[in-house]
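Note that the sequence shown covers residues 165 to 531 in this note's numbering. Every residue, glycine too, gets a C-beta built ideally from N, C-alpha and C. None of the values given here were measured: they were computed from a predicted structure.
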Amino acid sequence: MNPLFHNLLGSLPLQHGAVTRQINAENPTGEKGAACRWDPDPNHPDLPHSGAALDLGRGWKVRPFIRVAAGETVTLADITGPGCINEFWITSDLPEFRALILRFYWDGEDTPSVEVPMGDFFAMGHDAAPHTVVSLPVHVGPHRGCASYWSMPFRKHARITLENQGPRDANIVAYRVLYKLQEIPEDAAYFHAQWRRSLTSRSYPEHVILDGVVGRGVYVGTYLAWTAFSRGWWGEGEVKFYLDGDGEFPTLSDNGTEDYFGGAWCFYKDPKKEQVEQEFNSPFLGLPLAYNKDPQSPRKFSLYRWHLLDSIGFQKDIKVTVQALGWWPNHRYQPLTDDIASVAYWYQLEPHQPFPPLPAMDERWDR
Numbered sequence: 165m166n167p168l169f170h171n172l173l174g175s176l177p178l179q180h181g182a183v184t185r186q187i188n189a190e191n192p193t194g195e196k197g198a199a200c201r202w203d204p205d206p207n208h209p210d211l212p213h214s215g216a217a218l219d220l221g222r223g224w225k226v227r228p229f230i231r232v233a234a235g236e237t238v239t240l241a242d243i244t245g246p247g248c249i250n251e252f253w254i255t256s257d258l259p260e261f262r263a264l265i266l267r268f269y270w271d272g273e274d275t276p277s278v279e280v281p282m283g284d285f286f287a288m289g290h291d292a293a294p295h296t297v298v299s300l301p302v303h304v305g306p307h308r309g310c311a312s313y314w315s316m317p318f319r320k321h322a323r324i325t326l327e328n329q330g331p332r333d334a335n336i337v338a339y340r341v342l343y344k345l346q347e348i349p350e351d352a353a354y355f356h357a358q359w360r361r362s363l364t365s366r367s368y369p370e371h372v373i374l375d376g377v378v379g380r381g382v383y384v385g386t387y388l389a390w391t392a393f394s395r396g397w398w399g400e401g402e403v404k405f406y407l408d409g410d411g412e413f414p415t416l417s418d419n420g421t422e423d424y425f426g427g428a429w430c431f432y433k434d435p436k437k438e439q440v441e442q443e444f445n446s447p448f449l450g451l452p453l454a455y456n457k458d459p460q461s462p463r464k465f466s467l468y469r470w471h472l473l474d475s476i477g478f479q480k481d482i483k484v485t486v487q488a489l490g491w492w493p494n495h496r497y498q499p500l501t502d503d504i505a506s507v508a509y510w511y512q513l514e515p516h517q518p519f520p521p522l523p524a525m526d527e528r529w530d531r
């Protein structure tokens, strides 16, 4: 490709004639000319939301949503490649997005390359404090309209599932998967995302964001849903990247949590006058949630960093960690007991190592 077109907008003139398809509740197969074929029938178990279209008939928003019962797993998309998913949008009336598990499988693999609670995948991990996100690859609009623009290529097959592990039905799940059918370069890697959660301790104040990845790839993003239990500043710890056989010492280390996520001086609005974290969104990094109304109770923070212009390559393996540190009154670092959940985003050549078992629902609940 001509280097003049190597940018987000510059590539658009070269996309003419692409075979574009979209899967949603109105066209669950994505086939050409196969959308909006139902006649309204509220008594039909697959058309429970069609009553509003009774006066208008076929083609007038008869099947805009699906229902996912408690304990049920549904396939949102089943696509024969080669192709690339360019947009994935979803929302639900279920308040607990941590109960809904997204899984993405590429080219018939047995274990998923993406396994993440739905809200966390879109950088909105606190069910108790939903919020908007405004960034390049991920966007959450009012109210909880979740969009991902990560490029997700596949060569033979792509499958996306949604599991409801909660005790209540998700009566409304609206979604769309927009993709292009196209040839995929031989050296293109596959998209991966993994969720982890830990309760740090004073004896071990460190959360593991990613570990056990073996292969060749590039790390492209970090999201943290951080619940601070202590008073005062909570983000003094460093984010560390252990690359290609690193042992005790990492190759890359940031100099503070707020620095890694694009802030400075504790994200405070004014370090001298107003020591309260200030929310912000930007294309590559942000603090879209700073729920700190009561300084005596647990405070909730969302933080994202997308390595779009500063991706981190690895040849053999990668491990990523973050420390949970504050301050003692004597100006020494204080190890913290905090609740940290994370999503790591990366691309790698397959095969990938199986992920650790996803924690049970009661271990994922947003405190």
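**OP:** Check whether the Cβ of L258 lies closer than 7 Å to any heavy atom of the ligand GDP, and answer yes or no.
**Re:** Inclusion of the ligand GDP in the displayed structure is not the case, the ligand content being empty and no account of it being possible.
Subject >> Length of the line joining the Cα atoms of G399 and V384 >> reply: As a working note, residue 399 is residue 235 in the sequence shown. As a working note, residue 384 is residue 220 in the sequence shown. So the two alpha carbons sit approximately 21 Å from each other.
**OP:** Might you give, ordered along the chain, the residues of its own chain that have their beta carbon closer than 6 Å to the beta carbon of R106, omitting 5 neighbours on each side?
**Re:** Lying before the first or after the last residue shown, residue 106 is absent from the chain, which here runs from 165 to 531.
Original post:
Over what stretch of residues does the alpha helix (DSSP H) that includes M282 continue unbroken?
Top reply: Within the sequence shown, the letter at position 118 stands for residue 282. That run of the alpha helix (DSSP H) goes M282 to F285.
Original post:
Just to confirm, are W253 and A182 a CB contact at a threshold of 8 Å?
Top reply: Taking the first residue of the sequence shown as position 1, residue 253 is located at position 89. Taking the first residue of the sequence shown as position 1, residue 182 is located at position 18. In this structure, A182 does not lie closer than 8 Å to W253 by Cβ.
Original post:
Taking the C-alpha atoms as reference points, what is the distance between T237 and D503?
Top reply: Here residue 237 refers to the residue found at position 73 when the sequence shown is read from its first residue. Here residue 503 refers to the residue found at position 339 when the sequence shown is read from its first residue. Rounded to the nearest angstrom, the two C-alpha atoms are 28 Å apart.
Subject >> Neighbour-count burial assignment, N207, 16 or more Cβ in a 10 Å radius >> reply: Residue mapping note: residue 207 aligns to position 43 of the sequence shown, counting from 1. By the 10 Å Cβ count, N207 comes out exposed.
**OP:** Specify whether the region 206 to 220 and the region 170 to 187 touch according to this definition: at least 3 beta carbon pairs, one from each stretch, less than 8 Å apart.
**Re:** no
**OP:** On a CA-only basis, which of R267, P294 and C248 is nearest E260? Give me that one, please.
**Re:** Start at 1 with the first residue of the sequence shown, and residue 260 comes out as number 96. It is P294.
Original post:
Three-state secondary structure (DSSP) at D431?
Top reply: As a first step, residue 431 must be located in the sequence shown, where it is residue number 267. The amino acid at residue 431 is misidentified as Asp; the sequence shows Phe. Residue state, collapsed to three classes: helix.
**OP:** Consult DSSP for D423 and reduce its assignment to one of helix, strand or coil.
**Re:** Taking the sequence shown and counting its residues from 1, the one referred to as residue 423 is at position 259. Helix at D423.
Subject >> Residues that DSSP places opposite A505 in a beta bridge >> reply: Mapped onto the sequence shown, residue 505 falls at position 341. BP columns for A505 point to R361 and A389.
Original post:
Is G396 helix, strand or coil when you go by DSSP?
Top reply: Position 232 of the sequence shown holds residue 396. Coil.
Subject >> Cα-Cα separation, D423 to F448 >> reply: Taking the sequence shown and counting its residues from 1, one reaches residue 423 at position 259. Taking the sequence shown and counting its residues from 1, one reaches residue 448 at position 284. C-alpha separation (whole angstroms): 13 Å.
Subject >> Of the residues W492, Y339 and I348, the one placed nearest E190, counting alpha carbons only >> reply: Taking the first residue of the sequence shown as position 1, residue 190 is located at position 26. Of the candidates W492, Y339 and I348, the one whose C-alpha sits nearest the C-alpha of E190 is Y339.
**OP:** Check the DSSP bridge columns for Q512 and list the partner residues they point to.
**Re:** The residue given as residue 512 occupies position 348 in the sequence shown. Looking at the DSSP assignment, Q512 forms a beta bridge with Y354 and G381.
Subject >> Whether G411 touches V486 by CB criterion (8 Å) >> reply: Within the sequence shown, the letter at position 247 stands for residue 411. Within the sequence shown, the letter at position 322 stands for residue 486. The answer is no: Cβ separation not under 8 Å.
Subject >> Counterpart residues of S466 in DSSP-defined beta bridges >> reply: Taking the first residue of the sequence shown as position 1, residue 466 is located at position 302. Paired residue(s): A389 and L453.
Original post:
To which residues does DSSP link P317 through a beta bridge?
Top reply: In the sequence shown, the residue the question calls residue 317 occupies position 153. Per DSSP, C248.
Original post:
Does the separation of the CB atoms of H321 and K464 fall below 8 Å?
Top reply: Mapped onto the sequence shown, residue 321 falls at position 157. Mapped onto the sequence shown, residue 464 falls at position 300. No, they are not a contact pair.
Subject >> Reference E441, options D408, G396 and H170, closest by Cα >> reply: Residue mapping note: residue 441 aligns to position 277 of the sequence shown, counting from 1. If we check each option's Cα against that of E441, G396 comes out closest.
Original post:
Going by the CB atoms, is the gap between Q517 and R380 shorter than 8 Å?
Top reply: Taking the first residue of the sequence shown as position 1, residue 380 is located at position 216. Taking the first residue of the sequence shown as position 1, residue 517 is located at position 353. Going by C-beta atoms, R380 is not nearer than 8 Å to Q517.
**OP:** For K457, count neighbouring Cβ atoms within 10 angstroms of its own Cβ and tell me buried if that reaches 16, exposed if not.
**Re:** Taking the sequence shown and counting its residues from 1, one reaches residue 457 at position 293. Exposed: under 16 other Cβ atoms inside 10 Å.
Subject >> Nearest candidate by alpha-carbon position, reference G490, set G420, A389, F425 and G283 >> reply: Within the sequence shown, the letter at position 326 stands for residue 490. Out of G420, A389, F425 and G283, G420 has the C-alpha closest to the C-alpha of G490.
Original post:
Ends of the beta strand (DSSP E) at D210?
Top reply: As a working mapping, residue 210 is identified with position 46 in the sequence shown. Run containing D210: none; DSSP gives neither H nor E here.
Subject >> Span separating the alpha-carbon of Q460 from that of L500 >> reply: Here residue 460 corresponds to residue number 296 of the sequence shown, with the count starting at 1. Here residue 500 corresponds to residue number 336 of the sequence shown, with the count starting at 1. Between Q460 and L500, the C-alpha separation is close to 15 Å.
Subject >> For D284 and D203, the rounded distance between their alpha carbons >> reply: Here residue 203 refers to the residue found at position 39 when the sequence shown is read from its first residue. Here residue 284 refers to the residue found at position 120 when the sequence shown is read from its first residue. Looking at the two C-alpha atoms, the distance is approximately 36 Å.
Original post:
Looking at the structure shown, is R201 part of a helix, part of a strand, or coil, going by DSSP?
Top reply: As a working mapping, residue 201 is identified with position 37 in the sequence shown. In this structure, R201 counts as coil in the three-state DSSP scheme.
Original post:
Can you find at least 3 beta carbon pairs, one from the region 270 to 278 and one from the region 297 to 306, that sit closer than 8 Å?
Top reply: no
Original post:
Under 8 Å, do N250 and Y343 count as touching if we go by C-beta distance?
Top reply: As a position in the sequence shown, residue 250 is number 86, starting the count at 1. As a position in the sequence shown, residue 343 is number 179, starting the count at 1. Yes. Within cutoff.
**OP:** Please work out which residues of its chain come closer than 7 Å, Cβ to Cβ, to Q498, disregarding the five sequence neighbours upstream and downstream, and give them in chain order.
**Re:** The count along the sequence shown starts at 1 and reaches residue 498 at position 334. Taken in chain order, the residues that qualify are L489, G490, W491 and W492.
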